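Engineer: Attaching a single structure in structure tokens format; questions to follow.
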Amino acid sequence: MSFKSLSERMEVFAGKVDIYPVISSQFCAGRPVLEVIRAVGEGGAKIFQLREKDCSLKELYLLGLEARRIADEFGMLFILDDHTDVALACGADGVHLGQDDLPVAAAKKIAPELIVGCSTHNIPEAQAACQDHCDYLNIGPIYATQTKSVPCGALGVEAIAEISSCINCPFTVMGGIKSWHIPQLRKAGAKRIAMVTEITQAGDIAAKVRDLRQLF
38 MSFKSLSERM
48 EVFAGKVDIY
58 PVISSQFCAG
68 RPVLEVIRAV
78 GEGGAKIFQL
88 REKDCSLKEL
98 YLLGLEARRI
108 ADEFGMLFIL
118 DDHTDVALAC
128 GADGVHLGQD
138 DLPVAAAKKI
148 APELIVGCST
158 HNIPEAQAAC
168 QDHCDYLNIG
178 PIYATQTKSV
188 PCGALGVEAI
198 AEISSCINCP
208 FTVMGGIKSW
218 HIPQLRKAGA
228 KRIAMVTEIT
238 QAGDIAAKVR
248 DLRQLF
């Protein structure tokens, strides 16, 4: 299954996404990234983000081509971190941008059919991302995390209601999240929860994804 338009992609994002695995070779417990992507697909995930910070653009492109094939096999949305050009080249469904990456408005201009997500850490950043017509934004880090360095520190669960009340687009939450946090996050208004090591370092990744999705 392959999604060709932004409307098709956002229909899946809005209607089917719950757990949002973020996959980086740095946090896969020594396993190949593609093996982990396949496992989250077997577990029923509807989306994954490929986040590779330490490889060349050519290496990322080639990895993205293989990730695309697995995404098609399982009907998953494939989001690439940081690089809009590589996302387009390898056929990803979207790109996720940080505050120091290509601005959302510029990404939307050159990739109008891609989902464009944006990491935000406070109300002004979230409002700016919405004004630039991001398709979704991430609120985080909710809890302390070792997988990404951010100057703001942990925002706390209360940030979900504070920030989401000021925006008009879908959002995910991320940062230090474990399975036992999900009921609290759901109660706070989070519908889509992004996780790294809780999934990618699990002994049985497919089973972990299935268990996490049951919490929804």
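Numbering-wise (this note's numbering), the sequence shown opens with residue 38 and increments by one.
Even glycine gets a Cβ: it sits at the ideal position worked out from N, Cα and C.
In this text the structure is predicted, and so the values were computed from the model without any measurement.
1. In chain order, what residues of the same chain lie with their CB nearer than 7 Å to the CB of R250, ignoring the 5 residues before and after it?
2. Here's the rule: buried if 16 or more other CB atoms are within 10 angstroms of the residue's CB, otherwise exposed. What is C171?
3. What residue range is occupied by the uninterrupted alpha helix (DSSP H) comprising M47?
4. Can you look up Y57 in the DSSP assignment and give me helix, strand or coil?
5. To which residues of the same chain is L252 closer than 6 Å at the C-beta, ignoring the five residues directly before and after it?
6. Taking DSSP's pairing of strands, which residues face H133 in a bridge?
7. Closest to I236 by CA distance: which of R75, E45, L99 is it?
8. Checking 8 Å against the spacing of the C-beta atoms, do N175 and M211 come in under that value?
9. Can you name, in chain order, every residue of its own chain whose Cβ lies under 7 Å from the Cβ of F111, other than the five neighbours on each side?
10. Taking all protein chains shown into account, do 16 or more other C-beta atoms lie within 10 angstroms of the C-beta of P178, making it buried, or fewer, making it exposed?
11. Going along the chain, which residues of its own chain have a beta-carbon closer than 7 Å to the beta-carbon of I242, five neighbours each way excluded?
12. Closer than 6 Å by C-beta to L71: which residues in its own chain qualify, once you throw out the five before and the five after it? Chain order, please.
13. Whole angstroms is fine: what's the gap from F208's alpha carbon to R229's?
14. Check each candidate in I214, S201, C203 and name the one with the smallest Cα separation from A191.
15. State the Cα-Cα distance for the pair S62 and E89, rounded to the nearest angstrom.
16. Identify every run of the beta strand (DSSP E) within the stretch 169 to 207, keeping only runs that are complete inside it and at least 3 residues long; order them along the chain.
17. If contacts are defined as beta-carbon pairs under 8 Å, then Q86 and H133 qualify, I think. What distance do you get, rounded to the angstrom?
18. Report yes if the CB atom of A129 is closer than 8 Å to the CB atom of L139, and no otherwise.
19. From the DSSP output, read off the bridge partner residues of Q86.
20. Determine the contact status of A163 and C203, defining contact as a CB-CB distance below 8 Å.
21. What do you get for K224, buried or exposed, if any count of 16 or more other CB atoms within 10 angstroms of its CB means buried?
Structural biologist: Taking the coordinates as given:
1. Sequence index remark: in the sequence shown, residue 250 carries index 213 (1-based). The residues are D55, I56, G81.
2. Counted from its first residue, the sequence shown places residue 171 at position 134. Classification for C171: buried.
3. Along the sequence shown, read from residue 1 onward, the residue named residue 47 stands at position 10. Start and end: 43 to 53.
4. Along the sequence shown, one-based indexing puts residue 57 at 20. Correct three-state label for Y57: strand.
5. Locating residue 252 in the sequence shown gives position 215, counting from the first residue. Excluding sequence neighbours, L252 sits near I219.
6. Mapped onto the sequence shown, residue 133 falls at position 96. Answer is D118, G154.
7. In the sequence shown, residue 236 corresponds to position 199, counting from 1. I236 has its Cα closest to that of R75, out of R75, E45, L99.
8. Counted from its first residue, the sequence shown places residue 175 at position 138. Counted from its first residue, the sequence shown places residue 211 at position 174. Yes.
9. By 1-based counting over the sequence shown, the position of residue 111 is 74. Cβ within range, chain order: G78.
10. As a working mapping, residue 178 is identified with position 141 in the sequence shown. Counting Cβ neighbours within 10 Å, P178 comes out buried, since at least 16 surround it.
11. Counting from one through the sequence shown, the residue named residue 242 turns up at place 205. The beta carbon of I242 sits closer than 7 Å to those of V73, A76, V77, G80, I236, all from its chain and outside the five residues before and after it, given in chain order.
12. Your numbering for residue 71 matches position 34 in the sequence shown. Excluding sequence neighbours, L71 sits near E103.
13. Numbered from its first residue, the sequence shown carries residue 208 at position 171. Numbered from its first residue, the sequence shown carries residue 229 at position 192. Those two C-alpha atoms are separated by around 7 Å.
14. Position 154 of the sequence shown, counted from the start, is the residue given in the question as residue 191. Taking only the C-alpha atoms, the option nearest A191 is I214.
15. Start at 1 with the first residue of the sequence shown, and residue 62 comes out as number 25. Start at 1 with the first residue of the sequence shown, and residue 89 comes out as number 52. Taking the straight line joining both Cα atoms gives about 7 Å.
16. Within the stretch 169 to 207, the complete beta strand (DSSP E) runs of at least 3 residues are 173 to 176.
17. Numbered from 1 along the sequence shown, position 49 holds the residue referred to as residue 86. Numbered from 1 along the sequence shown, position 96 holds the residue referred to as residue 133. About 6 Å separates the two Cβ atoms, so the contact holds.
18. Taking the sequence shown and counting its residues from 1, the one referred to as residue 129 is at position 92. Taking the sequence shown and counting its residues from 1, the one referred to as residue 139 is at position 102. No. Outside cutoff.
19. Counting from 1 along the sequence shown, the entry for residue 86 is found at position 49. Answer is V59, I116, bridged to Q86.
20. Position 126 of the sequence shown, counted from the start, is the residue given in the question as residue 163. Position 166 of the sequence shown, counted from the start, is the residue given in the question as residue 203. Yes.
21. Sequence index remark: in the sequence shown, residue 224 carries index 187 (1-based). Answer is exposed; the Cβ neighbour count stays below 16.
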